[in-house]
Amino acid sequence: MVLLPGAAGAVLFLTGVVSLSLLPLWLGLSVLGGVAAALLAFFMVRWKDHQARMLGRTLQEARQGKWVAELQRIGLDIPLPWSDFSIAPDAACILVREVLVQQPEFVLECGSGVSTVLIAHCLKRLGRGRLYSLEHEPKWAQQTRRLLRAAGLERNAVVIDAPLVARQVEGRSWDWYSKFERQLPDRPIDLLFVDGPPPQKEGRRRSSRYPALPLMADRLSSKALVLLDDVRREGESRMIAAWTRKYINADVTWFRTERGLAALHRTPEEPDEVLSNPLEQASLSRAPRHDSARRWSTPL
Ligand SMILES: C[S@@+](CC[C@H](N)C(=O)[O-])C[C@H]1O[C@@H](n2cnc3c(N)ncnc32)[C@H](O)[C@@H]1O
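When you read off a place in the sequence shown, starting at 1, and then add 2, the result is the number in this note's numbering.
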């Protein structure tokens, strides 16, 4: 009877000693387990994000495929080098439609590529008009010229080498196309497509494309159409408000494409009799000249 508590005490003592001696091992295993669990969670989240991105990309490609098929109906018989740099097929459908409806004589484009071939093809089909495409990158200009030649469109479009140089606009310096003015026809621009130059280091809030209207608004025809791609980006979207406030009276349509496309249909200046009323004049000068509030439209 006396031996029993003694034995129990000994067992307890030995267990304590063993547990204590294994403590570093338990601690090590716990830390390792924690690190492994954290790593597993990290990679699972990364994998989930990757899968979500892949799915998004696949859906986007499927959606864009529909617009590529739509474009094939216009009968262009050369495959186009679609890329993340080029206009997306949904916006390209709108561009094509607007060119065919507007029937421009003089189209000016900032940034050449797929869109150059599409616009030139429309002009050939219309049997009128010519496109002048400004390109700052000589290699890319060559590439677009090759495409135009292959599609038999050299007579409908010309790609102008226009290196970027610093220009002062509204008291700030911007990189803008140069050495192109003398190569343009001496007539107003009916359609201006702004898809370049590419973003520089100014970041999201300032778009490299802003100078297009400050520098060229006075060359636009009275019924000109201005198309601006990528207006889902902050810089481009803010630009529209500034343009319509300072440089152009226009009805703005926002197309709900993958990257967002805006169409600015130039409207006549306010008639003189409205401006001659001093009260109305005061209110006009306070308010933006045109409501450029977002009204997203469907692609077609
Ligand atoms: C937004 S892209 C213009 C795209 C053009 N409007 C089109 O639809 O293909 C602006 C500039 O990026 C450059 N660029 C176009 N495609 C490119 C590519 N695949 N790789 C590198 N640069 C490219 C050209 O200098 C072009 O002027």
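Cβ atoms here follow ideal geometry from the backbone N, Cα and C, with glycine treated the same way.
Query raised in the report: Where does W245 sit, in a helix, a strand or coil, going by DSSP?
Result: For this step, residue 245 is matched to residue 243 along the sequence shown. Here W245 sits in helix by DSSP.
Query raised in the report: Should E275 go down as buried or exposed, given a rule of 16 or more other Cβ atoms within 10 Å for buried?
Result: Position 273 of the sequence shown, counted from the start, is the residue given in the question as residue 275. Low confidence applies to E275: its pLDDT is 43, below 50, so where it sits in the model is not reliable, and the reading given next is rough at best. That one is exposed.
Query raised in the report: For the alpha helix (DSSP H) that contains D92, what are its first and last residues?
Result: One-based indexing of the sequence shown puts residue 92 at position 90. Per DSSP, D92 belongs to the alpha helix (DSSP H) from 91-104.
**Report entry** Selected residue, minimal CA-CA separation from S114, among W178, Q145, V167
**Finding:** Walking along the sequence shown from the start, residue 114 turns up at place 112. For S114, the nearest C-alpha among the options comes from Q145.
Report task. Could you spell out where the alpha helix (DSSP H) holding I121 opens and where it closes? Result -> One-based indexing of the sequence shown puts residue 121 at position 119. Note, I121: alpha helix (DSSP H), 116-128.
Requested in this report: Give a yes or no on whether the C-beta atoms belonging to I121 and L97 are separated by under 8 Å.
Outcome: Translated into positions along the sequence shown, residue 121 becomes position 119. Translated into positions along the sequence shown, residue 97 becomes position 95. Yes.
Query raised in the report: In or out: A39 buried (at least 16 other Cβ within 10 Å) or exposed?
Result: If you number the sequence shown from 1, residue 39 lands on position 37. Its Cβ having fewer than 16 others within 10 Å, A39 is exposed.
Report task. Classify E63 as helix, strand or coil using the three-state DSSP reduction. Result -> For this step, residue 63 is matched to residue 61 along the sequence shown. Residue state, collapsed to three classes: helix.
Query raised in the report: Expressed to the nearest angstrom, what Euclidean distance is found between the alpha-carbon atoms of R261 and R235?
Result: Within the sequence shown, the letter at position 259 stands for residue 261. Within the sequence shown, the letter at position 233 stands for residue 235. Taking the straight line joining both Cα atoms gives about 8 Å.
Query raised in the report: Which term fits D220, buried or exposed, when burial requires 16 or more other beta carbons within 10 angstroms of its beta carbon?
Result: As a working note, residue 220 is residue 218 in the sequence shown. The residue is exposed, with fewer than 16 neighbouring Cβ atoms inside 10 Å.
Query - Bounding residues of the alpha helix (DSSP H) (the contiguous stretch that carries W142) - result: As a position in the sequence shown, residue 142 is number 140, starting the count at 1. It spans 140-152 - the alpha helix (DSSP H) in which W142 sits, taken as one unbroken run.
Requested in this report: Determine the extent of the alpha helix (DSSP H) in which L193 is found, giving its start and end residues.
Outcome: Residue numbering aside, residue 193 sits at position 191 when the sequence shown is read from its first letter. Not the alpha helix (DSSP H): L193 falls in the beta strand (DSSP E), residues 191-196.
**Report entry** Assigned secondary structure, S21 (DSSP; H/G/I helix, E/B strand, else coil)
**Finding:** Counted from its first residue, the sequence shown places residue 21 at position 19. Looking at S21 - three-state DSSP - the assignment turns out to be helix.
Query raised in the report: Got a list of residues with beta-carbon closer than 5 Å to any non-hydrogen atom of ligand 1, in chain order?
Result: S85, F87, S88, I89, G113, G115, V116, S117, E139, W142, D197, G198, P200
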